[in-house]
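Chemist:
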Amino acid sequence: MKKKFLKYLFLLTISICAVLIIAVSWFLYNFYRNNQIESIKSFCIITSQLIDSDSSLEYLENIDSSDMRITLIDSDGSAVFDTATNSSSLKSFLQEPEIINANETGTGESSQYSSVLKSNVFVYVIKLNNNMLLRVETPLKGIYQNIAATVPLILLILLVFALISNFIAKLLTHRIIEPINKASKQLDGVLTQDQLDFEELDAYEEFLPFIKKIKFLNHEIRDYARQIDEQSHTLNTITSNMQEGLLILDSQQRIISINESAKSVISYGYTRKFTGQTFISVCRNQRILEAINKVINTKTNNFIDIEKNKQFYKFFLSPVISENNNFQGVIIFIVNATAEIKNSKMRRDFASNVSHELKTPLTSINGFAEMLKSSMIDEKDIIKISSMIYKESGRLISLVDDIIRLSQIENGALIDTQDVDFENIVNEVVSSLTPIAENRKITFALNTKPLIIKSSYSMLYELVYNLCENAIKYNVENGSINVVLKSSDKEAILSVTDTGIGIAEEHLSRIFERFYRVDKSRSKQTGGTGLGLSIVKHVVESLNGNISITSEPGKGTAITVTLPKQN
207 MKKKFLKYLF LLTISICAVL IIAVSWFLYN FYRNNQIESI KSFCIITSQL IDSDSSLEYL
267 ENIDSSDMRI TLIDSDGSAV FDTATNSSSL KSFLQEPEII NANETGTGES SQYSSVLKSN
327 VFVYVIKLNN NMLLRVETPL KGIYQNIAAT VPLILLILLV FALISNFIAK LLTHRIIEPI
387 NKASKQLDGV LTQDQLDFEE LDAYEEFLPF IKKIKFLNHE IRDYARQIDE QSHTLNTITS
447 NMQEGLLILD SQQRIISINE SAKSVISYGY TRKFTGQTFI SVCRNQRILE AINKVINTKT
507 NNFIDIEKNK QFYKFFLSPV ISENNNFQGV IIFIVNATAE IKNSKMRRDF ASNVSHELKT
567 PLTSINGFAE MLKSSMIDEK DIIKISSMIY KESGRLISLV DDIIRLSQIE NGALIDTQDV
627 DFENIVNEVV SSLTPIAENR KITFALNTKP LIIKSSYSML YELVYNLCEN AIKYNVENGS
687 INVVLKSSDK EAILSVTDTG IGIAEEHLSR IFERFYRVDK SRSKQTGGTG LGLSIVKHVV
747 ESLNGNISIT SEPGKGTAIT VTLPKQN
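Residue numbers (the working numbering): 207 to 773.
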């Protein structure tokens, strides 16, 4: 603003100087011209009086006429005398305007170009008493010479005036701008306050409406900025805590926004900066790049599956289209589908295993029934065949019961939270399984104490029963089972340890899978369905607990379950 103000003042000064030069030149021109004309008129009057008194041309012949032309004209317009040329060669002056005016009024004058003097001249004519005319012609070029002589002085005066004006302009600019700058500095501090005290501002009164408007706009901008910050913070909080990946690209495939989940999927660990980078510079997966290009070219949604580090991801790609149908970018939503795919595979395996497990006893029952129907069995073998049918049907019923219980546990149907005596459940289970253990010469050793927890009675019973039943099935003759129930401040800890056949390390990670058997031949002998430990795992997960297992082939297995007291 200060530079512009100085610029305008300087231009104003130059303009004033130009006007002054023109005005002074015009004044001097008129001044010198009028003086010269008056001098010529005075000369003509004096000369005419001398001629009238002398009535001779001797005076005219003796006049120094180096800077003028004097002509004496007769009443018929012919030249009687001329100082510049031979009078006989001159044409008649009778039709000249100044001659006509002199004949009528006694004097006449004009400004014209003289071919004799080769310059612009002033002509003055006066009528003598003898009706002759005295004509004096003088050039005006002396006027410009006089003006030119005064130009240096004028320019010097104007230069001094310009310097003084420039100094005054700077002073005035400082005086004018200083209150504005001071008010601006004060306004910076005042605007940060909740209230604006205009009386504290040292500014021009005319600026107060602008300052009020600035204050209003400042509040509006601060409110708007606060809303944007809150929305941005909320959006960043949501996206940063999303398990799903979210990625936004512009029309040039540059990354506008990306959350941590998306970074972990598309990055290979060497990229630090994502925002502002092109997608191809941070991810070289050909399938993803092709999917993005397809969305850009077709402006339609797209979907792909990607596998990375044994994890399966689903990419949902959608174009961003403006109201006027212009393409703006691509939104990519990434979902970890590993659990879904594994569950799908587990369901397929479960269906296959269930079919196999059900088919085996049903085939046996169907075969024996067909033999009985066709009377192909001797009477002495009927009891034996009936026993086998009974055994296979019992195995079939056990399998169906386990499947039903597992389904109920997964669906939460068995969760009936209440205060449960955990020690009493352990004692009940051990009492019901003791006859089976004694048949195999296996003994139980209990180390429990009273323990009340808030949990599900049916699920706790299912948990303890399956652990103890498995310890019997996979134990050795004359073996033992040690059941320990203890507690900490917030947890109940149940441990079941047997002296059985044990489990090899390569099988430990899979023993909780449905229908998985370490020794299939032994499972058939013991009548196991392969769902016991799977049921245990689902019960522990449903009760928000943890389970761990340690085992050594030939020495036994220890399974420890930790459950919260308040569930």
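Even for Gly, the Cβ is constructed at its ideal location relative to N, Cα and C.
Could you pull out every unbroken beta strand (DSSP E) segment of at least 3 residues lying fully inside the stretch 466 to 527, listed in chain order?
Modeler: Correct list: 508 to 514, 517 to 527.
Chemist: To the nearest whole angstrom, what separates the beta carbons of Phe237 and Leu266, a pair I think is in contact under 8 Å?
Modeler: Not confirmed; about 30 Å, so no contact.
Chemist: Can you name the residues that DSSP bridges to Pro345?
Modeler: Note: Pro345 sits in a beta bridge opposite Val327.
Chemist: Measuring alpha carbon to alpha carbon, tell me which of Asn681, Thr484, Ser593, Phe628 ends up nearest Lys660.
Modeler: Cα-wise, what sits closest to Lys660 is Phe628.
Chemist: Would you call the stretch 746 to 764 and the stretch 698 to 717 in contact, with 3 or more CB pairs under 8 Å?
Modeler: These segments touch.
Chemist: Nearest CA to the CA of Phe226: which residue from Phe367, Thr313, Asn337, Ala285?
Modeler: Note that residue 226 is Leu in the sequence shown here, rather than Phe. Of the candidates Phe367, Thr313, Asn337, Ala285, the one whose C-alpha sits nearest the C-alpha of Leu226 is Phe367.
Chemist: With Gln459 and Ile486 assumed to form a contact (beta carbons below 8 Å), what rounded beta-carbon distance in angstroms separates them?
Modeler: Rounded, the Cβ-Cβ distance is 7 Å, consistent with contact.
Chemist: Classify Ser463 as helix, strand or coil using the three-state DSSP reduction.
Modeler: Three-state result, Ser463: strand.
Chemist: Let me check one thing: in DSSP terms, what residues is Arg275 bridge-paired to?
Modeler: In DSSP, Arg275 forms a bridge with Glu343.
Chemist: Give the list of continuous alpha helix (DSSP H) stretches no shorter than 4 residues that lie fully inside the stretch 640 to 723.
Modeler: 663 to 679, all fully within the stretch 640 to 723.
Chemist: Would you check if there are 3 or more beta carbon pairs closer than 8 Å linking the stretch 689 to 706 to the stretch 629 to 637?
Modeler: Contact between the stretch 689 to 706 and the stretch 629 to 637 is present, because at least three Cβ pairs lie under 8 Å.
Chemist: Check for me: the alpha helix (DSSP H) holding Pro770 runs from which residue to which?
Modeler: Premise fails: Pro770 lies in the beta strand (DSSP E), 762 to 770, not in any alpha helix (DSSP H).
Chemist: Taking the straight line between their C-alpha atoms, what separation do you get for Leu452 and Ala643?
Modeler: Spanning the two alpha carbons is a distance of roughly 57 Å.
Chemist: How would you label Thr569, buried or exposed, when you count the other beta carbons within 10 angstroms and need 16 or more for buried?
Modeler: Counting Cβ neighbours within 10 Å, Thr569 comes out exposed, since fewer than 16 surround it.
Chemist: Judging by CA-CA distance, which residue of Ser298, Ser457, Gly312, Val329 is the nearest neighbour of Ile276?
Modeler: The candidate whose alpha carbon is nearest that of Ile276 is Val329.
Chemist: To the nearest angstrom, report how far apart Glu343 and Ser281 are at their CA atoms.
Modeler: Whole-angstrom Cα-Cα distance: 19 Å.
Chemist: With distances taken Cα to Cα, identify the nearest neighbour of Gln301 among Ser248, Thr649, Asn499, Ala285.
Modeler: Selected option, being the one with the closest Cα: Ala285.
Chemist: Leaving out five residues before and five after Ile472 in sequence, what residues of the same chain have Cβ atoms less than 6 Å from its Cβ?
Modeler: Within the same chain, Ile472 has close Cβ partners Cys489.
Chemist: Does DSSP put Lys247 in a helix, a strand or coil?
Modeler: Residue state, collapsed to three classes: helix.
Chemist: Helix, strand or coil for Leu423? Go by DSSP, reduced to three states.
Modeler: Of the three classes helix, strand and coil, the one that applies to Leu423 here is helix, per DSSP.
Chemist: Shortest alpha-carbon distance to Lys679 belongs to which of Met665, Phe521, Ile332, Thr705?
Modeler: Of the candidates Met665, Phe521, Ile332, Thr705, the one whose C-alpha sits nearest the C-alpha of Lys679 is Thr705.
Chemist: Going by Cα to Cα distance, which pick from Val670, Pro759, Leu700 is closest to Glu712?
Modeler: The candidate whose alpha carbon is nearest that of Glu712 is Pro759.
Chemist: Once the 5 residues before and after Thr766 are set aside, which same chain residues still bring their CB inside 6 Å of it?
Modeler: Ser701, Ser754, listed in sequence order.
Chemist: Is the stretch 501 to 509 close to the stretch 533 to 544, with three or more CB pairs under 8 Å?
Modeler: With a cut-off of 8 Å, the stretch 533 to 544 and the stretch 501 to 509 count as touching, because enough Cβ pairs lie within range.
Chemist: In or out: Ile220 buried (at least 16 other Cβ within 10 Å) or exposed?
Modeler: Classification of Ile220: exposed, given that the 10 Å Cβ count is below 16.
Chemist: Suppose contacts are defined by Cβ-Cβ distances below 7 Å. Is Pro334 in contact with Ile279 by that definition?
Modeler: Residue 334 is actually Leu in this sequence, not Pro. Not in contact: Leu334 and Ile279 (Cβ atoms no closer than 7 Å).
Chemist: Starting from the Cα of Ser470, find the closest Cα among Asn424, Ile540, Gln433 and give me that residue.
Modeler: For Ser470, the nearest C-alpha among the options comes from Ile540.
Chemist: DSSP has Gly451 in a bridge; who is on the other side?
Modeler: The partner list for Gly451 (beta bridge, DSSP) reads Ile540.
Chemist: Since Leu673 contacts Val746 with CB under 8 Å, what's their CB separation in whole angstroms?
Modeler: Their Cβ separation, rounded to whole angstroms, is 10 Å, which puts Leu673 and Val746 out of contact at 8 Å.
Chemist: Whose C-alpha, out of Leu666, Asn676, Thr703, Lys696, is nearest the C-alpha of Leu652?
Modeler: Among Leu666, Asn676, Thr703, Lys696, the Cα nearest to that of Leu652 belongs to Thr703.
Chemist: If you run the structure through DSSP and keep just helix, strand and coil, what is Thr356?
Modeler: Reduced to three states, the DSSP call for Thr356 is helix.
Chemist: Are Lys448 and Asn465 touching if we call contact CB-CB under 7 Å?
Modeler: The sequence as given places Met at residue 448; Lys does not occur at that position. For Met448 and Asn465, yes; Cβs fall inside 7 Å.
Chemist: Residue range of the beta strand (DSSP E) that Ala290 falls in?
Modeler: Segment: none, Ala290 is in no beta strand (DSSP E) and carries neither H nor E.
Chemist: What is the residue span of the beta strand (DSSP E) that Asn752 lies within?
Modeler: From DSSP, the beta strand (DSSP E) with Asn752 extends over 752 to 758.
Chemist: CB-CB under 7 Å to Lys247, same chain, minus the five flanking residues each way: which ones, in chain order?
Modeler: Cβ neighbours of Lys247 beyond the five flanking positions: Tyr330.
Chemist: Do you know how far the Cα of Lys655 is from the Cα of Ala698?
Modeler: Each residue's Cα considered, the two are about 11 Å apart.
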